[in-house]
Each structure stands twice: as structure tokens, then as C-alpha cells.
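Only one structure is covered here, and it is reproduced in the block below.
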Amino acid sequence: MERTLVLIKPDGVRRNLVGEVISRIERRGLDIIAMDLRTLDTETAKTHYEEHAARPFYNSLVEFITGGPLVAMVVEGERAVEAVRALAGATDPVSAAPGTIRGDYALEVQENIVHGSDSTYSAEREIKLFFGDLAV
Ligand code: DAT
Ligand code: MG
């Protein structure tokens, strides 16, 4: 069993896509073991995206992710990291396959609805950042 951090980003919440995203996760057979609606503070957002600190889009990304409530959850299941990344689709929604969350609901790379940890290492770091003591 594996755990991963999933975010329904502020654009997904604003567009009332929370149920849609959760349905896809559940129907795939993954379990949601922690979840809440929250607005990120700038420090947490910067830490979450620290690998992108040198990128030109970093400040805009931090503003976007702190710009409204998001849904944070820990998702558990067989190869959950890879399974969620496959459900989400490619980072750039225009390149994301139809049938994926991004491929079905987004067009802009920043406002791409959903986040999923990119490795078990990232998942452990991100779950600690968002849910503290919850073990990976
Ligand atoms: P992913 O979310 O698929 O793991 P990432 O870690 O490379 O993608 O980037 C994190 C987020 O940053 C991504 O979901 C959207 C935004 N982003 C990535 N590349 C971008 C770009 N070229 N311009 C604007 N935003 C970008
Ligand atoms: Mg990433």
C-alpha cells in the first residue's frame, strides 16, 4: 500500500469540480484517508512548491495556490502515487489525454485542477507538510 497527497486546487474548488475529482479517485478503487478544505498560507505554499523556486512561474504559482480554498487529501492504495498521476494527466492540460482530469477540465498549465505527489519521496514530504503526524 502507498499513500500520496492530492490537492484539488483553488480553480477546481471555484469551478465546483470537487465531487467530480473525488468520484474519479473513489471509482478507481483508491481510498481517501484524510481530507479537508483549507486556504494555504504563503509559507506552506512556498515549501510545497520549493523545487520550482527558481522558475519564472513560481511567484504566480504561489499566488494562485493561496488565492482561495483548496481541498487537501491523503489517498491510499496500490501504487497510489502513479495511479493518481495517471488520473490527473499531463501537467499541461492541452497535452493531457482526454479521459484524464486535466484533459477533460482544463486548458491552462497553471490552472490544472489537481495536484498529485510525483514520487513516494515527495508524497512523504508533502503529507507531512499538509497533515503533520499522519504516517506515510
Ligand atoms: P505537476 O503538477 O504535474 O507535478 P510540476 O511539478 O512540473 O507539474 O509543476 C507544478 C505546477 O506548476 C503545475 O501543476 C502547474 C505549474 N506549472 C508548471 N509548469 C508551468 C509553466 N511552464 N508555466 C506556468 N505554470 C507552470
Ligand atoms: Mg509536481
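Okay, so the sequence shown: first residue is 1 according to the UniProt record's numbering, each after it adds one.
Beta carbons: idealized from backbone N, C-alpha and C, even for Gly.
A quick note: this is a predicted structure, and the numbers were derived from the prediction, not measured.
Rounded separation between residue i and residue j - CA only
{"i": "L109", "j": "L134", "result": "The question names Leu, but residue 109 in the sequence shown is Val. Cα-Cα distance, rounded: 30 Å."}
{"i": "T39", "j": "L70", "result": "6 Å"}
{"i": "R28", "j": "M1", "result": "15 Å"}
{"i": "R55", "j": "Y49", "result": "10 Å"}
{"i": "residue 144", "j": "L30", "result": "Examination of residue 144 is not possible in this model, given that the chain is present from 1 through 136 alone."}
{"i": "R102", "j": "D118", "result": "16 Å"}
{"i": "L5", "j": "E76", "result": "9 Å"}
{"i": "T120", "j": "F131", "result": "16 Å"}
{"i": "A97", "j": "T44", "result": "30 Å"}
{"i": "S122", "j": "A83", "result": "15 Å"}
Cβ-heavy atom distance, residue i to the ligand DAT, below 6 Å
{"i": "L61", "result": "yes"}
{"i": "D104", "result": "no"}
{"i": "F57", "result": "yes"}
When the options are compared against residue i, the one with the closest alpha-carbon
{"i": "R3", "options": "A90, V18, V81, E63", "result": "V81"}
{"i": "R24", "options": "T42, E43, T44, G99", "result": "G99"}
{"i": "K128", "options": "A34, V21, I22, L17", "result": "A34"}
{"i": "E124", "options": "G68, V21, T91, V74", "result": "V74"}
Residues near residue i in its chain [Cβ-Cβ closer than 6 Å; skip 5 each side]
{"i": "L7", "result": "L70, A72, H115"}
{"i": "K46", "result": "V62"}
{"i": "Y58", "result": "H52"}
Residues near residue i in its chain [Cβ-Cβ closer than 8 Å; skip 5 each side]
{"i": "K9", "result": "F64, I65, L70, E111, N112, I113, V114, H115"}
{"i": "E26", "result": "I32"}
Same chain, Cβ closer than 7 Å to residue i, neighbours up to 5 away in sequence not counted
{"i": "V94", "result": "L107"}
{"i": "G19", "result": "none"}
{"i": "T42", "result": "V62, T66"}
Heavy atom of the ligand MG within 6 Å of residue i beta-carbon
{"i": "D118", "result": "yes"}
Residue-level contact to chain C via CB, residue i, 7 Å cutoff
{"i": "Y58", "result": "Considering every chain present, this structure includes no chain C. It has just one protein chain."}
Touch check for the stretch 11–19 and the stretch 78–94: three-plus C-beta pairs under 8 Å? Not touching, per the Cβ criterion.
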